[in-house]
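First up is the structure itself, then whatever we jot down about it.
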Amino acid sequence: MTDVSMHLRFSAACAIAREAGCLIRERFLARDEALNFKFKGPQDYLTETDGEVEKLIATRIAEAFPDDAFLGEESGGQVGERLWIVDPIDGTADFARGVPYFCVSIAYVEHGKTEIGVLYDPMIDELFVARRGHGATLNGKPIKVSPVTDIRQSVVELGWSARTPFERYTKLLGKLNAQGAGVKRRGSGALGLAYVAMGRQDAYCELHINAWDAAAGVLLVEEAGGWTNDFLTQACLTEGNQVIACTPSLRDVLETTIKETP
Ligand code: IPD
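Per my numbering, the sequence shown starts with residue 8, numbered consecutively.
So this is what it looks like as structure tokens:
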């Protein structure tokens, strides 16, 4: 693909993420206090806004790039050589419960490689963007992972969903805690990765996460100078994968600890 076509996709991803974010914010502020949500599975929330926002994003992408493939959390889709991977609201549980911590996540993947990653948090107007080989920015300013090298000084977010056994999660949490890490769990894997990219925390790990939650965030961490596992494999597109994203110095301890916690 020419640089111009890639740049067009990059600009479109940023504009679409902002437009989608504005709609999410509007719906969040006007939400029904009666807590109107459903579940797709155990602790797996679904709101009407997820579907509405995904439709908006899919429409905008199809208008601009009709030959590109689309894979979304809510509507699924098909994998292709030029592929958009979208999570309309990452952090749906918080969105549904009235907690302002969620974002839109849009990744563009060409021939299996993530080329563009854009996350937008509409509640605090933070736009995280990354383009392969061009670095990562937050609201236009370059970002870098933290300089933390010692696990005892680190903040590690350990995500969890009902897709993995809670016992394995708690075992891992216990080990990281014993090593001195400050372990957290917030409700958005995508924002958790963005927070690693800009140094608000030093690692984000999750034993299983879906491609739409993490593809954009993983590129952000890489482009911000961090290390990530080989996340977006072919199988990950349909089945998800483990994710480890951290400052380069924390790689060994995190990889080893996770491997030794079956
Ligand atoms: C979830 C969030 C959560 C992570 C889960 C994801 P959703 O995505 O990213 O933080 O731990 O693995 O499924 O349901 O809010 O889009």
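The beta carbon of each residue, even a glycine, is placed where N, CA and C say it ideally should be.
The beta carbon of Ala-204 sits no closer than 7 Å to any heavy atom of ligand 1.
For the 8 Å CB-CB criterion, Thr-264 and Arg-175 do not form a contact.
Asn-248 sits in a strand when the DSSP states are folded into three classes. Comparing alpha-carbon positions, the option among Gly-181, Trp-219, Met-205 and Glu-213 lying closest to Asp-57 turns out to be Trp-219. Separation of Pro-129 and Pro-154 (C-alpha to C-alpha, rounded to the nearest whole angstrom) is 28 Å. In the DSSP assignment, Ser-18 falls outside any beta strand (DSSP E) and within the unbroken alpha helix (DSSP H) covering 10 to 36. Here Ser-112 is bridged, per DSSP, to Asp-94 and Leu-126. Judged by DSSP in its simplified three-state form, Glu-117 adopts strand. Residue side-chain check: Glu-80 places its Cβ nearer than 7 Å to a non-hydrogen atom of ligand 1.
For Ile-216, the enclosing beta strand (DSSP E) has its first and last residue at 210 to 216. The count of Cβ pairs closer than 8 Å, one atom from the region 175 to 184 and one from the region 133 to 151, stays below three, leaving the stretches out of contact. Asn-248 has its Cβ no nearer than 7 Å to any heavy atom of ligand 1.
Separation of Arg-67 and Gln-160 (C-alpha to C-alpha, rounded to the nearest whole angstrom) is 43 Å. Counting only runs of 4+ residues, no alpha helix (DSSP H) is found wholly inside the region 125 to 177. A contact between stretches requires three or more CB pairs, one per stretch, nearer than 8 Å, and the region 195 to 212 fails this requirement with the region 76 to 91. Per the Cβ contact rule, the region 200 to 210 is in contact with the region 247 to 257 (3 or more Cβ pairs under 8 Å). By the criterion of a C-beta distance shorter than 6 Å, Arg-34 is surrounded in its chain by Thr-56, once the five residues flanking it on both sides are discounted.
For Leu-78, the pairing in a beta bridge is given by DSSP as Gly-84 and Ile-92.
Remark: the shortest separation between the CB of Asp-39 and any heavy atom of ligand 1 does not fall under 7 Å.
Boundaries cannot be given for Gly-105, as no beta strand (DSSP E) includes it and DSSP labels it neither H nor E.
A Cβ-Cβ separation of about 25 Å leaves Tyr-52 out of contact with Ala-20 under the 8 Å criterion. The C-beta of Arg-16 has 16 or more other C-beta atoms within 10 Å across all chains shown, which makes the residue buried. Note on geometry: alpha-carbon atoms of Arg-258 and Asn-236 lie some 9 Å from one another. Leu-227 places its beta carbon 8 Å or farther from that of Arg-192.
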